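Protein chains in written order, with my numbering: chain A, 216 to 647; chain B, 216 to 647.
We treat Cβ as the ideally placed atom computed from N, Cα and C, and that holds for glycine.
In this text, all values refer to a predicted model and were calculated from it rather than measured experimentally.
Protein chains: 2
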Amino acid sequence: MEVISIGLLGLGTVGSGVVKIIENHQDKLMHQIGCPVEVKRVLVKDLNKERAVDIHPEKLTVNAEDIINDSEIDVIIEVMGGVEETRKHLLAALKNRKHVVTANKDLMAVYGSELLTVASENGCDLFYEASVAGGIPILRSLVDGLASDRITKMMGIVNGTTNFILTKMSKQGSAYEEVLKEAQELGYAESDPTSDVEGLDAARKMAILSTLGFSMKIDLDDVKVKGITQITEEDLQYGKQLGYTMKLIGIAHREGEKVDVSVQPTLLADSHPLAAVNDEYNAVYVYGEAVGETMFYGPGAGSLPTATAVVSDLVGVMKNMRLGVNGKSAVTPQYPKKLKEPSEINSKYFLRLHVKDEVGVFANITTIFSEHGVSFEKILQLPVKEKGTAEIVLVTHHASLQDYEDILVKLRDLHAVKELKSSYRVEGSSRV
Amino acid sequence: MEVISIGLLGLGTVGSGVVKIIENHQDKLMHQIGCPVEVKRVLVKDLNKERAVDIHPEKLTVNAEDIINDSEIDVIIEVMGGVEETRKHLLAALKNRKHVVTANKDLMAVYGSELLTVASENGCDLFYEASVAGGIPILRSLVDGLASDRITKMMGIVNGTTNFILTKMSKQGSAYEEVLKEAQELGYAESDPTSDVEGLDAARKMAILSTLGFSMKIDLDDVKVKGITQITEEDLQYGKQLGYTMKLIGIAHREGEKVDVSVQPTLLADSHPLAAVNDEYNAVYVYGEAVGETMFYGPGAGSLPTATAVVSDLVGVMKNMRLGVNGKSAVTPQYPKKLKEPSEINSKYFLRLHVKDEVGVFANITTIFSEHGVSFEKILQLPVKEKGTAEIVLVTHHASLQDYEDILVKLRDLHAVKELKSSYRVEGSSRV
Numbered sequence: 216m217e218v219i220s221i222g223l224l225g226l227g228t229v230g231s232g233v234v235k236i237i238e239n240h241q242d243k244l245m246h247q248i249g250c251p252v253e254v255k256r257v258l259v260k261d262l263n264k265e266r267a268v269d270i271h272p273e274k275l276t277v278n279a280e281d282i283i284n285d286s287e288i289d290v291i292i293e294v295m296g297g298v299e300e301t302r303k304h305l306l307a308a309l310k311n312r313k314h315v316v317t318a319n320k321d322l323m324a325v326y327g328s329e330l331l332t333v334a335s336e337n338g339c340d341l342f343y344e345a346s347v348a349g350g351i352p353i354l355r356s357l358v359d360g361l362a363s364d365r366i367t368k369m370m371g372i373v374n375g376t377t378n379f380i381l382t383k384m385s386k387q388g389s390a391y392e393e394v395l396k397e398a399q400e401l402g403y404a405e406s407d408p409t410s411d412v413e414g415l416d417a418a419r420k421m422a423i424l425s426t427l428g429f430s431m432k433i434d435l436d437d438v439k440v441k442g443i444t445q446i447t448e449e450d451l452q453y454g455k456q457l458g459y460t461m462k463l464i465g466i467a468h469r470e471g472e473k474v475d476v477s478v479q480p481t482l483l484a485d486s487h488p489l490a491a492v493n494d495e496y497n498a499v500y501v502y503g504e505a506v507g508e509t510m511f512y513g514p515g516a517g518s519l520p521t522a523t524a525v526v527s528d529l530v531g532v533m534k535n536m537r538l539g540v541n542g543k544s545a546v547t548p549q550y551p552k553k554l555k556e557p558s559e560i561n562s563k564y565f566l567r568l569h570v571k572d573e574v575g576v577f578a579n580i581t582t583i584f585s586e587h588g589v590s591f592e593k594i595l596q597l598p599v600k601e602k603g604t605a606e607i608v609l610v611t612h613h614a615s616l617q618d619y620e621d622i623l624v625k626l627r628d629l630h631a632v633k634e635l636k637s638s639y640r641v642e643g644s645s646r647v
Numbered sequence: 216m217e218v219i220s221i222g223l224l225g226l227g228t229v230g231s232g233v234v235k236i237i238e239n240h241q242d243k244l245m246h247q248i249g250c251p252v253e254v255k256r257v258l259v260k261d262l263n264k265e266r267a268v269d270i271h272p273e274k275l276t277v278n279a280e281d282i283i284n285d286s287e288i289d290v291i292i293e294v295m296g297g298v299e300e301t302r303k304h305l306l307a308a309l310k311n312r313k314h315v316v317t318a319n320k321d322l323m324a325v326y327g328s329e330l331l332t333v334a335s336e337n338g339c340d341l342f343y344e345a346s347v348a349g350g351i352p353i354l355r356s357l358v359d360g361l362a363s364d365r366i367t368k369m370m371g372i373v374n375g376t377t378n379f380i381l382t383k384m385s386k387q388g389s390a391y392e393e394v395l396k397e398a399q400e401l402g403y404a405e406s407d408p409t410s411d412v413e414g415l416d417a418a419r420k421m422a423i424l425s426t427l428g429f430s431m432k433i434d435l436d437d438v439k440v441k442g443i444t445q446i447t448e449e450d451l452q453y454g455k456q457l458g459y460t461m462k463l464i465g466i467a468h469r470e471g472e473k474v475d476v477s478v479q480p481t482l483l484a485d486s487h488p489l490a491a492v493n494d495e496y497n498a499v500y501v502y503g504e505a506v507g508e509t510m511f512y513g514p515g516a517g518s519l520p521t522a523t524a525v526v527s528d529l530v531g532v533m534k535n536m537r538l539g540v541n542g543k544s545a546v547t548p549q550y551p552k553k554l555k556e557p558s559e560i561n562s563k564y565f566l567r568l569h570v571k572d573e574v575g576v577f578a579n580i581t582t583i584f585s586e587h588g589v590s591f592e593k594i595l596q597l598p599v600k601e602k603g604t605a606e607i608v609l610v611t612h613h614a615s616l617q618d619y620e621d622i623l624v625k626l627r628d629l630h631a632v633k634e635l636k637s638s639y640r641v642e643g644s645s646r647v
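1) Output yes if chain B places a C-beta closer than 8 Å to the C-beta of Gln247/A; else output no.
2) In three-state DSSP terms, what is Gly245/A?
3) Can you say whether Ala390/B is buried or exposed, counting buried as having 16 or more other CB atoms within 10 angstroms of its CB?
4) Among the residues of its own chain, which have a CB less than 7 Å from the CB of Leu275/A, if the five just before and after it don't count?
5) What three-state label does DSSP hand Asp437/B in the structure shown?
6) Who are Leu188/B's beta bridge partners in DSSP?
7) Three-state secondary structure (DSSP) at Leu663/B?
8) Need the endpoints of the alpha helix (DSSP H) that Val325/B sits in, please.
9) In whole angstroms, what is the alpha-carbon distance linking Leu629/B and Ile607/B?
10) Between the Cα of Tyr512/A and those of Leu519/A, Val476/A, Val499/A and Ile464/A, spot the shortest distance and give me the residue it belongs to.
11) If you reduce the DSSP assignment to three classes, tell me which class Ser527/B lands in.
12) In the structure shown, what three-state DSSP assignment does Asp450/B receive?
13) Quick check on this structure: which residue in Arg365/A, Leu401/A, Met370/A and Tyr453/A has the alpha carbon closest to the alpha carbon of Ile380/A?
14) 8 Å is my cut-off, CB to CB: does Tyr512/B come that close to chain A?
15) Cβ closer than 8 Å: which chain B residues qualify as neighbours of Ile236/A?
16) Whose CA, out of Ile433/A, Thr376/A and Leu306/A, lies closest to the CA of Asp475/A?
17) State the Cα-Cα distance for the pair Val358/B and Glu344/B, rounded to the nearest angstrom.
18) Identify, in the order they occur along the chain, each residue of the same chain with its Cβ nearer than 8 Å to the Cβ of Leu601/A, setting aside the five sequence neighbours on each side.
19) From the beta carbon of Gly402/B, is the nearest beta carbon of chain A less than 8 Å away?
20) Let me know the secondary structure DSSP gives Ile423/A once reduced to three states.
21) Ala279/A and His304/A: beta carbons closer than 8 Å?
22) Taking C-beta to C-beta, are Leu483/B and Thr460/B nearer than 8 Å?
23) So, under 8 Å CB-CB, His487/A and Glu642/A are touching, yes? Tell me the CB distance rounded to an integer number of Å.
24) Name, in chain order, the residues that DSSP records as bridge partners for His314/B.
25) Can you tell me where the beta strand (DSSP E) holding Gly507/A begins and where it ends?
26) Between Glu508/A and chain B, is any beta-carbon pair separated by less than 8 Å?
27) Along the beta strand (DSSP E) that carries Ile182/A, what are the first and last residues, could you check?
28) Could you tell me whether any Cβ in chain D is nearer than 8 Å to the Cβ of Ile221/A?
29) Which residue wins for smallest C-alpha separation from Met295/B, given the options Asp281/B, Gly603/B and Gly230/B?
30) Tell me whether Val632/A sits in a helix, a strand or coil according to DSSP, three-state version.
31) Please report the straight-line C-alpha distance between Gln479/A and Leu463/A, rounded to a whole angstrom.
32) Decide yes or no for the touch test of the segment 505-522 of chain A against the segment 230-243 of chain A: beta carbon pairs closer than 8 Å, at least 3 of them.
33) Please tell me whether Arg419/B has its Cβ less than 8 Å away from any Cβ of chain A.
34) State the DSSP-derived secondary structure class of Met295/A, mapped to helix, strand or coil.
35) Using the DSSP secondary-structure output, state which residues sit across from Asn497/A in a beta bridge.
36) Which residues of chain A have a Cβ atom closer than 9 Å to the Cβ of Lys633/B, listed in chain order?
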């Protein structure tokens, strides 16, 4: 190999970062690979747009086939985003025996399994470290670093936008809408924030993480999702008072042969390592049977952090090229998919409700819980908010999701209950 | 390969963990490797000692050569500890073309470079993830996950014993000696704790980390070391008051071509991710030019966590065996060693001193600092402790180590200074 040639699909934020790192760290890459690396062609939408990096105009093309069919290109780096069209490009590239590095979680969450199979059939590497938690080398850590262990639980703060919003809401005591606007102005949230704030982005990452961590093909549809748009300042304040911090947490849990994966706002005990992960940072907490608690922390997005993961994957591809072992590192899922039923999913819950301020109401409510065998860790009975109304805040001990949902149905039917204000999963035990 | 045979040197805490993980996770190992793994022989000191694991007595031997010269053994796992004799065993094993996995930081900090060279010459893998921070896959993350980045700073809480002691001292307000005794009773500290509490254990790990992270051969002697035995409850209390947490921190810092590596008690701003790492946990904070801040957290020691790292390395060796690429993954240091001079090492410092309670003393002291161009971030002048004595607590802005040491010499000579009570490095800016 005299020089390794890269075809870059996309020259946005991450693509520009990739060009910069390949230029700036050329000597480190040379030392590891033994030959230079060059970005040969770049797919863009608009040839005349101004770019964040210096790149020779002749390298730019609007035609993906110029790259996919270029026999001199060894590796395709895909940072253009999108799903259906991108899938076609990458399938064509893999069939042309080009290795692929991608940062595309949307694509990998849906077509990861297909693409990995085609890569393997063609003796190609397909690496996607950057698709989960940007600059944190979490996929490698699961596959290599914890290769010998049985992972039973993963909890991730894997969306920077929502973590930024919740951190600000918590620190400033501001409302969701207000902080969202601030995040948009700072560039931490998109103008259409749906994918982030509704938890879909995090769900894609949890599908990828749990597929690898549990060695079981988890599809995006298997991940239960609830976003952060309904969280109020009151909920955050009650959380604090009780020793909990509100985070949007993806939880993947394995018990025996069955798993459960969800993304939802969660009140996390302040002592939990994830509770201190603030602002736009991401972190993935991994519990292994043998290793116990580990956590991986870092930037979840951004041009250079994400590009670091992309180019590190590229180094992996190039090392394999040197050794002649491409296309052999993917491990196929070991276990058939088995998802837990609601009766098998256990958690603690926070519930806030408004009730009529009458004699016997509290007894009626607690009776419903006790009929389902659910007891309480904490109960706050609070001063009347409006005339004739009392607020009750409860944290349950562990209950099955089935029981908890049945309880919510019964509470809603109860004449004395005016409104179920909010309900969240609770993780860990606070010291308060 | 019908079965991969392991020779185990040592059957103590970690060795027993290795046996357990190979047994308990055999199906996961099989899935990744495609053949069974078996511990064939085990080197022990005493054949008759009771063991924490079931192992056939015929597998035990007191003679290392039974293992090193067994032609059926593919991989040697070294968890016996010790340096000189162990080095001989491993050199002999490598020359017999056996791959080696070791958890031995003492050995790797001193003879790592020699052993890696011999391994490479003989086409053998030599992996040592478990030698730094037990269950945290930090070496892999540096070498693979951040392969494309230029790492400029690493800060590690890499000794669980001292972190346990400092956490307890801080939370309970207890004295060092008292907490050390408690740690010994709980098995978190050895009966002779010197290597831990004097910082030597952490120094060995920082030598290994900085050699890999900076791609520069850093020897144990290059690491400046100060332990925790002189830390008092007062120091911790002042730290808290100023917004800092006391930790034993290994810092490896690169600026331009020069590096500095040290282990010393450090007052860390409460907002720093490492400040929340408590009890016996370890963590390594890595700053890369492109990726920015990352942190890797987990158990630093213990039977199963350390064994997880050992067996994960074993999986790496076995994957390489399957691909026929053993002995090719080690990267030799890229840069010649260049250490910073004291005039090039910059830090903030905490200084506590007792002075005569006289007019003009404070001016004398601050004049010495200003003569060296060192200014203050915080100054506390405190009530007189004993008759005629005042206590002064200072936190400086950044100063060179050279200037700071010169200042300390001058302060000691000052008639009005009764005693320099304590002095620590300070990292980060507190919000207090």
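Working from what's here:
1) Taking the first residue of the first sequence as 1, we reach residue 247/A at position 32. Gln247/A counts as touching chain B.
2) The residue given as residue 245/A occupies position 30 in the first sequence. The displayed chain sequence assigns Met, not Gly, to residue 245/A. In this structure, Met245/A counts as helix in the three-state DSSP scheme.
3) By one-based count along the second sequence, residue 390/B stands at place 175. With fewer than 16 other Cβ atoms inside 10 Å of its own Cβ, Ala390/B counts as exposed.
4) Against the first sequence, residue 275/A aligns to sequence position 60. The residues are Val257, Val259 and Leu262.
5) The residue labelled residue 437/B in the question sits at position 222 within the second sequence. Annotated three-state conformation of Asp437/B is helix, per DSSP.
6) Residue 188/B falls outside the range modelled here, since chain B spans only 216 to 647, and no answer is possible.
7) Since the first and last residues shown for chain B are 216 and 647, residue 663/B lies out of range.
8) Indexing the second sequence from 1 puts residue 325/B at position 110. Judged by DSSP secondary structure, Val325/B falls within the alpha helix (DSSP H) whose first and last residues are Lys320 to Glu336.
9) Indexing the second sequence from 1 puts residue 629/B at position 414. Indexing the second sequence from 1 puts residue 607/B at position 392. Taking the straight line joining both Cα atoms gives about 14 Å.
10) By 1-based counting over the first sequence, the position of residue 512/A is 297. Of Leu519/A, Val476/A, Val499/A and Ile464/A, the residue nearest in Cα terms is Val499/A.
11) Within the second sequence, numbered from 1, the residue matching residue 527/B stands at position 312. If DSSP states are grouped into helix, strand and coil, Ser527/B belongs with the helices.
12) Numbered from 1 along the second sequence, position 235 holds the residue referred to as residue 450/B. For Asp450/B, the secondary structure class from DSSP, reduced to helix, strand or coil, is helix.
13) Taking the first sequence and counting its residues from 1, one reaches residue 380/A at position 165. The shortest Cα separation from Ile380/A among Arg365/A, Leu401/A, Met370/A and Tyr453/A belongs to Leu401/A.
14) Here residue 512/B refers to the residue found at position 297 of the second sequence. Yes, Tyr512/B lies at the interface with chain A (some Cβ there is under 8 Å from its Cβ).
15) For the purposes of this step, residue 236/A is taken as the residue at position 21 of the first sequence. Under the 8 Å cutoff, chain B gives Ser363, Asp364 and Ala505.
16) One-based indexing of the first sequence puts residue 475/A at position 260. Considering only alpha carbons, the answer is Ile433/A.
17) For the purposes of this step, residue 358/B is taken as the residue at position 143 of the second sequence. For the purposes of this step, residue 344/B is taken as the residue at position 129 of the second sequence. If I take the Cα positions, the gap works out to 11 Å.
18) Numbered from its first residue, the first sequence carries residue 601/A at position 386. It should be noted that the sequence gives Glu, not Leu, for residue 601/A. Annotation for Glu601/A: no residue places its beta carbon closer than 8 Å to its own, counting only its chain and skipping 5 residues before and after.
19) Looking up residue 402/B in the second sequence gives position 187. Interface flag for Gly402/B against chain A is unset, since no Cβ pair is found closer than 8 Å.
20) As a working note, residue 423/A is residue 208 in the first sequence. If DSSP states are grouped into helix, strand and coil, Ile423/A belongs with the helices.
21) As a first step, residue 279/A is located in the first sequence; it is residue number 64 there, counting from the start. As a first step, residue 304/A is located in the first sequence; it is residue number 89 there, counting from the start. Between Ala279/A and His304/A, the CB-CB gap stays under 8 Å.
22) For the purposes of this step, residue 483/B is taken as residue 268 along the second sequence, with counting starting at 1. For the purposes of this step, residue 460/B is taken as residue 245 along the second sequence, with counting starting at 1. Contact: yes.
23) The residue you call residue 487/A lines up with position 272 of the first sequence. The residue you call residue 642/A lines up with position 427 of the first sequence. The beta-carbon separation of His487/A and Glu642/A, rounded to 7 Å, stays under the 8 Å limit for a contact.
24) Translated into the one-based positions of the second sequence, residue 314/B becomes position 99. Residue pairing for His314/B: DSSP places it in a beta bridge opposite Val290/B.
25) As a working mapping, residue 507/A is identified with position 292 in the first sequence. Counting along the chain, the beta strand (DSSP E) containing Gly507/A begins and ends at Gly507 to Pro514.
26) If you number the first sequence from 1, residue 508/A lands on position 293. A Cβ of chain B is located within less than 8 Å of the beta carbon of Glu508/A.
27) The structure shown does not extend to residue 182/A, since chain A spans only 216 to 647, so no value can be given for it.
28) No chain D appears in the structure shown, which is made up of the protein chains A and B.
29) Taking the first residue of the second sequence as 1, we reach residue 295/B at position 80. A check of alpha carbon separations from Met295/B across Asp281/B, Gly603/B and Gly230/B identifies Gly230/B as the nearest.
30) Residue 632/A sits at position 417 when you count from the first residue of the first sequence. The three-state reading of DSSP puts Val632/A in strand, counting E and B together.
31) In the first sequence, residue 479/A corresponds to position 264, counting from 1. In the first sequence, residue 463/A corresponds to position 248, counting from 1. Take the alpha-carbon of Gln479/A and the one of Leu463/A: they are about 6 Å apart.
32) Touching, yes.
33) Residue numbering aside, residue 419/B sits at position 204 when the second sequence is read from its first letter. Not one chain A Cβ lies under 8 Å of Arg419/B.
34) Taking the first residue of the first sequence as position 1, residue 295/A is located at position 80. Correct three-state label for Met295/A: coil.
35) Taking the first residue of the first sequence as 1, we reach residue 497/A at position 282. Beta-bridge pairing links Asn497/A to Gly513/A.
36) By 1-based counting over the second sequence, the position of residue 633/B is 418. For Lys633/B, none of the residues of chain A pass the 9 Å Cβ criterion, the least Cβ distance being about 40 Å.
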